[in-house]
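Visitor:
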Amino acid sequence: MNPEVDPCQEFSQFSCGGFMSKQEIPGDQATTDYFNILYNKNNEAIRAIVEPSLSKSPPPPSDTITKDESNASQANLQKLQDLYSACMDEDALVKVGRQPISDQLQAILASFPPSSTTTATKGFDTPDHKEILTKVLAQLLKQGLAGFVDIAVITDLVEPLIHTLNLKESGLGLPSKGYYKDIKIAQIYEDTIAQMFQIVLGDEDVAASGQPSVGSDVEQEWKGAAKDVVGFEAQLAAIGTELVDQYDPIKANNPRTIAQLSDLVPSIDWTLLLAEILPQGVTNTRPIVVQSPQYLTQLQIILQATTLSTLRHYVRWVAIKGLGPNLGLPYRRPLQFLKAAIAGTSPDLQTVRWGECVTVVNTNLGDMSGHFFVQEFFKGNSRQSVISIIDSLLQTYAQAFPTLPWLDEPTRAGAVQKIDAMQKLIGYTTNGPNVASSISLQSYYSNLTISKSDHFGNQIRYAVWDKTREKSLLDQPVNQKKMRDPPQTVDAFYDGQSNHIIFPAGILQPPFFRVDNPEYLNYGTMGVAAGHEITHGFDNLGKNYDYTGRVKNGPDGKDHNVNGQLTLAEDIADNGGLKQSYRTWQSRFQSDPSGAIYKNFKLPGLEKYTPDQLFFISFGRLWCSKERPEWLLQLIRSNGHPPWRFRANGAVQNSVEFSRAFKCPENSPMNPANKCTLW
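For the sequence shown, the residue numbers in UniProt numbering are 1 to 679.
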């Protein structure tokens, strides 16, 4: 806090001024905030599990732990430590050099004719060329490397208990389409591609040094190839759908048959593509949900004008960019410089290796590492306390709907029905796999082979295992009880297709939640976060799903035109979450002013503030952050969340209760006369 600042003038500075003055952004990071601080803390906890010198052995069999469970726990820990150790062995990565990625490139490009025959050939209408394009695309997809399209298994938008295939646009190497118009970044990107081409595909001495030779014919050759790649991606960016439309479930729901896809993009053999990427025994009998038919129409035009030579370079780059981070440091250094340029961080201060390897563990074996995290950091009555907060908020929302004059009766009834049906997933997944069970986790990951001495191979095997597992879901009903992220994740979610709010154990930690905190703190942070996610069920996107998770053809009752800006859904959720969390806490506080049931005791050093003020101060601390300008630009270009300072100020500017708590004069900056109230 900075108590010298008037909260009615600048609430973000009042609640976060101390954070701003004391916290420094680490040199290898683009921002710092309480989410990142907790993320780093959780990563340190995972490190203490997977780093052999720091780790503790699992408990032996006992009255509460069977021998089979104990053995599975020990085997799981060994698997985690093998994955981590292979990643940490930088000497081994440097020793194997570029050979692993060279082998992968050879396999991916196996269907291509010799490069000397493809220089000027354009179009993919001939059967041979169509087969080349299709098989190359399939090779990428099977390893989790999406080219200009990606195919994934998703929950069907109309039948939320059924899986279906989703075809979406992809293929950009920069974070969003706007970066291709940034001359500085586009040039850095092109230089990076040329350097990586020369390191991975050029002279072995150059590769080992990590320093591309300057002025050579080889350098000029790869510079030309890089220019082709960036030019091709810029064309993809130009036809790309705006993010706000990609998020819209109505606009993104365009079922198409194989025949219709063949009409849209005849350059791809869609029947062959599915045969290549679907596991043996898995078939697709339903139309494929296309994110943007318009993108596919324009993609066909681009493919018709693209040479096989350019496509070869592009496919190489997709593979190198995706697999390059798994190489030794000399071979991946240009990729790190590119990442630093986009984020605005120092290229000389890279993330410590253990941090990168913990990320690998959380990506490859997240539920398995999450098992040990939950055992240590999500104990006691944490789950029940969170459920109590969420249930109280759901009750407040149900009571609020009848008071909203802009809702007609059918819409109001539908909103109440949706609230009544809303389910909670708290802490960790208990089904598919059960994170609490070592035996369940061992079975779930049994087909994923991990080597203690082959980091690159581990990542290839994981990608193939993950894509095979995902595509195998096509023949199975949707498991609505499975969290999409591991327990140590620092985030919360609303899933419109299952009508679930999801809080992993990773975010249910201080400073966002503590069982023993007074309620005005927990409701100001975790309560607001829960309200935020609940409100997503009724924002400009969530309103398209009914209480079962089905996408509706159109809204019930009155329809209201809203601003279609990218951050609208988050703005609505921020405002609604703050309002309803405050109402819920205030109701409990007023019903028990003595604190006999609900804890609302004063904290030392904060006695001069009222409980109402402390609620809002707790909320403001959610959004304390410092950012580099480059990161803010990336947030604006490619993220649905507004900068965090505006999230804090924007929500309280629309809160009558905030202005009352701090006695803000009317028309002061944080108390405008005109306020927006939706939920």
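Where a beta carbon is used, it is the ideal one built from N, C-alpha and C, also for glycine.
Determine the direct distance from the alpha carbon of R469 to that of H560, and round the result to whole angstroms.
Guide: Confidence at H560 is low in this model, with a pLDDT of 34, below 50, so its placement is unreliable and no value can be given for it.
Visitor: Rounded to whole angstroms, what is the Cα-Cα separation between P510 and W222?
Guide: Using only the alpha carbons, I get a separation of about 50 Å.
Visitor: Do T429 and M483 have their CB atoms nearer than 8 Å?
Guide: Yes, these two residues count as a Cβ contact at 8 Å.
Visitor: Distance, Cα to Cα, F616 vs R628?
Guide: The alpha-carbon atoms of F616 and R628 are separated by roughly 26 Å.
Visitor: What number of angstroms, rounded off, separates the C-alpha of H371 from the C-alpha of A92?
Guide: Cα-Cα distance, rounded: 29 Å.
Visitor: Relative to the C-alpha of G527, which residue among I507, Q195, F538 and Y545 is closest?
Guide: The shortest Cα separation from G527 among I507, Q195, F538 and Y545 belongs to I507.
Visitor: Rounding to the nearest angstrom, what Cα-Cα distance links T257 and P287 in this structure?
Guide: Roughly 5 Å between the two C-alpha positions.
Visitor: Per DSSP, which residues does P255 bridge with? Please list them.
Guide: For P255, which the question treats as bridged, DSSP gives the partners V289.
Visitor: Would a C-beta distance cut-off of 8 Å place V94 and L329 closer than the cut-off?
Guide: Yes; because the gap between Cβ atoms is below 8 Å, this pair is in contact.
Visitor: I think A86 touches N458, with their Cβ atoms under 8 Å apart; what is that distance to the nearest whole Å?
Guide: Correct: roughly 6 Å between the Cβ atoms.
Visitor: Grab the span of the beta strand (DSSP E) containing I501 for me, first residue to last.
Guide: Unbroken beta strand (DSSP E) run through I501: H500 to P504.
Visitor: Buried or exposed for F619, going by 16 or more other Cβ atoms inside 10 Å?
Guide: It counts as buried.
Visitor: Does the structure place the region 228-244 close enough to the region 302-311 that three or more beta carbon pairs sit under 8 Å?
Guide: These segments touch.
Visitor: What does E627 pair with, by DSSP beta-bridge criteria?
Guide: Answer is T31.
Visitor: Tell me, to the nearest whole angstrom, how far the beta carbon of L614 is from that of L521; I am working on the premise that it is less than 8 Å.
Guide: About 7 Å separates the two Cβ atoms, so the contact holds.
Visitor: Count the C-beta pairs between the region 26-35 and the region 345-362 that are closer than 8 Å, then say yes if the count reaches three, no if not.
Guide: Touching, yes.
Visitor: Please look up how many angstroms separate the CB atoms of C8 and R621, rounded, as I've assumed it's under 8 Å.
Guide: That belief does not hold up - the Cβ atoms of C8 and R621 are roughly 18 Å apart, past 8 Å.
Visitor: In the DSSP output, what is E470 paired with across the bridge?
Guide: Paired residues: none, contrary to the question.
Visitor: Name the one or two DSSP bridge partners that Q300 has.
Guide: According to DSSP, which records beta bridges pairwise, Q300 is partnered with nothing at all.
Visitor: Using only the alpha-carbon positions, how far apart do T192 and P334 sit?
Guide: Answer to the nearest angstrom: the Cα atoms are 6 Å apart.
Visitor: Just checking my contact of Q104 with L323 at CB under 8 Å: how many whole Å lie between their CB atoms?
Guide: So it is a contact: roughly 6 Å between Cβ atoms.
Visitor: So T299 packs on L137, CB below 8 Å; how close in whole Å?
Guide: Here residue 299 turns out to be Leu, not Thr, going by the sequence shown. The Cβ separation is near 12 Å, so there is no contact.
Visitor: At which residue ranges does the region 350-422 contain complete alpha helix (DSSP H) runs of 4 or more residues, listed in the order of the chain?
Guide: Entirely contained in the region 350-422, the alpha helix (DSSP H) runs reaching 4 residues are, in chain order, 353-364, 366-377, 382-400 and 409-421.
Visitor: Below 7 Å CB to CB, which residues in the same chain sit around T677 once its five sequence neighbours on both sides are set aside?
Guide: Excluding residues within five positions, the ones whose Cβ falls inside 7 Å are N654.
Visitor: Whose C-beta lies closer than 6 Å to the C-beta of S116 among residues of the same chain, with five residues either side of it excluded?
Guide: Low per-residue confidence applies at S116: pLDDT is 47, beneath 50, and the placement is therefore not dependable enough to give any value.
Visitor: Do V50 and V361 have their C-beta atoms closer together than 8 Å?
Guide: Yes. Within cutoff.
Visitor: How is G554 classed by DSSP in three states: helix, strand or coil?
Guide: Its pLDDT being 38, under 50, G554 is placed unreliably in this model, and the value from its coordinates should be taken loosely. Note: G554 maps to coil in three-state DSSP.
Visitor: With a 10 Å radius around its C-beta and 16 neighbouring C-beta atoms as the bar for buried, classify N563 as buried or exposed.
Guide: Since pLDDT at N563 reaches only 33, below the 50 mark, its modelled position is unreliable, and the value read off the structure follows with that caveat. Per the 10 Å Cβ criterion, exposed.
Visitor: If you compare alpha carbons, which of L38, V515, K339 and L161 is closest to V490?
Guide: The residue with the shortest Cα to Cα distance from V490 is L38.
Visitor: Do Q291 and K168 have their beta-carbon atoms positioned less than 8 Å apart in this structure?
Guide: Yes.
Visitor: What is the rounded straight-line gap between the Cα of P477 and the Cα of I162?
Guide: Cα to Cα, P477 sits roughly 5 Å from I162.
Visitor: Which stretch, first to last residue, makes up the beta strand (DSSP E) that contains I154?
Guide: First-last of the beta strand (DSSP E) with I154: V149 to T155.
Visitor: Assuming L157 contacts V289 (C-beta within less than 8 Å), just tell me the rounded distance between them.
Guide: About 7 Å separates the two Cβ atoms, so the contact holds.
Visitor: Scan the region 81-106 and note each continuous alpha helix (DSSP H) run of 4 residues or more that stays entirely inside, going in chain order.
Guide: Fully enclosed alpha helix (DSSP H) runs of 4 or longer: 90-96.
Visitor: Identify which residue in Q195, Q99, P593 and D546 has its Cα closest to the Cα of A413.
Guide: Checked all of Q195, Q99, P593 and D546; the closest Cα to A413 is D546.
Visitor: Going by CA-CA distance only, name the one from F35, K602, V315 and S587 that's closest to residue 698.
Guide: Absent from the structure is residue 698, since the part of the chain shown begins at 1 and ends at 679.
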